[in-house]
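Peer 1: I have a structure here, written as structure tokens, and I will follow up with some questions on it.
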Amino acid sequence: MKNGNLLLALAFLVVVALLMHRINRLQHQVEALSTAPAPQPEVEVAVYMGRIQSHAHKLWAAGTAGNLPLAEFYRHELKEEMAAVAKAGLVDDGVPVSTYMTNLGLPAIDALRDQLRTDGLKDFAPRFTTLIATCNNCHKATGHPYLVMRVPDTLRFTDQVFAPEN
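In our numbering, the protein residues as written are 115 to 280.
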């Protein structure tokens, strides 16, 4: 009887030790999952380009309305989106989109930043046209010559005021 109780107690201790080990492993797994960044869904290149197009349109509207602070704001928003493309490591159908953005898009938007800082909105229209030409050159270089951008001829965002406050 004494040996039976001893074996039962020993078996109980083994089960408790195994359960504690299992609980410890599960706690480590939970901690690892809670600190790991959530996987980010892959964003389609067209989504980035749509945002870039929207910011470029608003940049044009602000610049032609003579609103330098708003033009600088949208130039910055445009740069952020372009930088996101450059950093994303995007390759679309074998085309290194991020590399092209790094080599063509970012230098063009940085040049516009420098021009806005130096001369304000002086010669804004031809400078913006140069930016759009860079977009089209990139589209051609990446095998998308049918994606042709142009300087806006109408204001798409009629619910926003682009003129500076006086």
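Each residue gets a CB set at the ideal place from its N, CA and C atoms; glycine is no exception.
Measuring straight from C-alpha to C-alpha, what distance separates P233 and I246?
Peer 2: For this step, residue 233 is matched to residue 119 along the sequence shown. For this step, residue 246 is matched to residue 132 along the sequence shown. Note on residue identity: the sequence assigns Asp, not Pro, to residue 233. The straight-line gap from Cα to Cα measures roughly 19 angstroms.
Peer 1: Between the C-alpha atoms of M215 and S148, what's the straight-line distance to the nearest angstrom?
Peer 2: For this step, residue 215 is matched to residue 101 along the sequence shown. For this step, residue 148 is matched to residue 34 along the sequence shown. Cα to Cα, the separation comes out at about 34 angstroms.
Peer 1: Could you give the residue range of the alpha helix (DSSP H) that holds D243?
Peer 2: The count along the sequence shown starts at 1 and reaches residue 243 at position 129. It should be pointed out that residue 243 corresponds to Thr in this sequence rather than to Asp. Where T243 is concerned, the enclosing alpha helix (DSSP H) stretches over 238-255.
Peer 1: Apart from the five residues just before and just after P278, which ones in its own chain have a Cβ nearer than 8 angstroms to its Cβ?
Peer 2: Residue 278 sits at position 164 when you count from the first residue of the sequence shown. Around P278: A179, G180, N181, L182, P183, L184.
Peer 1: According to DSSP, is D206 part of a helix, a strand, or is it coil?
Peer 2: Counting from 1 along the sequence shown, the entry for residue 206 is found at position 92. The answer is strand: DSSP assigns D206 an E or B state.
Peer 1: Could you give the C-beta distance for A200 and L220, rounded to a whole number, given that I count them as a contact under 8 angstroms?
Peer 2: Here residue 200 is taken as the residue at index 86 of the sequence shown, counted from 1. Here residue 220 is taken as the residue at index 106 of the sequence shown, counted from 1. Contact flag correct, Cβ pair sits at about 6 angstroms.
Peer 1: Should T272 be labelled buried (16 or more other beta-carbon atoms within 10 Å of its own) or exposed?
Peer 2: Here residue 272 corresponds to residue number 158 of the sequence shown, with the count starting at 1. Exposed.
Peer 1: Taking R231 as part of the alpha helix (DSSP H), name the residues at either end of that continuous run.
Peer 2: Here residue 231 corresponds to residue number 117 of the sequence shown, with the count starting at 1. Residues 220-233.
Peer 1: Per DSSP, what kind of secondary structure is M263 in: helix, strand or coil?
Peer 2: If you number the sequence shown from 1, residue 263 lands on position 149. It is coil, neither helix nor strand.
Peer 1: Between G257, F242, V161, N280, which lies nearest to P266 when the distance is taken from Cα to Cα?
Peer 2: Here residue 266 refers to the residue found at position 152 of the sequence shown. The shortest Cα separation from P266 among G257, F242, V161, N280 belongs to F242.
Peer 1: Please name the residue, chosen from Q141, Q274, N117, D224, that lies closest to R189 on a Cα-to-Cα basis.
Peer 2: Within the sequence shown, the letter at position 75 stands for residue 189. Taking only the C-alpha atoms, the option nearest R189 is D224.
Peer 1: What is the DSSP secondary structure of T272, reduced to helix, strand or coil?
Peer 2: Start at 1 with the first residue of the sequence shown, and residue 272 comes out as number 158. T272 falls in the coil class under three-state DSSP.
Peer 1: Whose C-alpha, out of R264, R165, G257, is nearest the C-alpha of T244?
Peer 2: The residue you call residue 244 lines up with position 130 of the sequence shown. The candidate whose alpha carbon is nearest that of T244 is R264.
Peer 1: Take G208 as the anchor and find which of R165, K172, H258 has the nearest alpha-carbon.
Peer 2: Residue mapping note: residue 208 aligns to position 94 of the sequence shown, counting from 1. Answer by Cα proximity: H258.
Peer 1: Taking all protein chains shown into account, do 16 or more other C-beta atoms lie within 10 angstroms of the C-beta of T256, making it buried, or fewer, making it exposed?
Peer 2: By one-based count along the sequence shown, residue 256 stands at place 142. Classification of T256: buried, given that the 10 Å Cβ count is 16 or more.
Peer 1: Give the straight-line distance between the Cα atoms of S168 and Q141, rounded to the nearest whole angstrom.
Peer 2: Reading the sequence shown from its first residue, position 54 is the one you call residue 168. Reading the sequence shown from its first residue, position 27 is the one you call residue 141. Using only the alpha carbons, I get a separation of about 46 angstroms.
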